[in-house]
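Numbering (the numbering used here), first residue to last: 8 to 98. Cβ atoms here follow ideal geometry from the backbone N, Cα and C, with glycine treated the same way. As the structure is a computational prediction, the values presented were derived from the model and not from experiment. In what follows, a structure is listed as structure tokens, so that the remarks can point back to it.
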């Protein structure tokens with residue numbers, strides 16, 4: 008993982024918007040704030056950095072908006088995992 012690539016990914020507005028949409032569909036309150044606060048955690052998800060770096064190397068103009076780079080299922084999996092880790096279990 009390149010920290011520079013991770014930093015680019017963490018500041019990518021396309022990924023932020025897609026993650027916000029996912030968080031909203033998962034019922035997370037204030038999904039945009041939630042996503043903004045977790046962009047660094049999201050950018051460190053397994054496979055995200057490599058996919059993003061490959062897209063940059065291939066000349067993809069806006070890798071954050073491309074489902075072919077970081078897919079919607081990758082985003083959903085990360086959002087669900089991060090949200091579950093911070094949500095206390097229901098007894």
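Query	Result
Rounded C-alpha distance that separates residue 10 from residue 17	10 Å
Opening and closing residue of the alpha helix (DSSP H) in which residue 42 lies	38–44
Close Cβ partners of residue 82 (< 7 Å) along its chain, the five nearest in sequence each way excluded	25, 26 and 29
Per-residue burial, residue 71 [other beta carbons within 10 Å of its own, 16 or more giving buried]	buried
Identity of the residue in 98, 39, 55 and 23 nearest residue 12 by Cα	55
Where the alpha helix (DSSP H) containing residue 34 begins and where it ends	Run containing residue 34: none; DSSP gives neither H nor E here.
Euclidean distance between Cα positions of residue 67 and residue 37	30 Å
Residue 70 (DSSP reduced to helix, strand or coil)	helix
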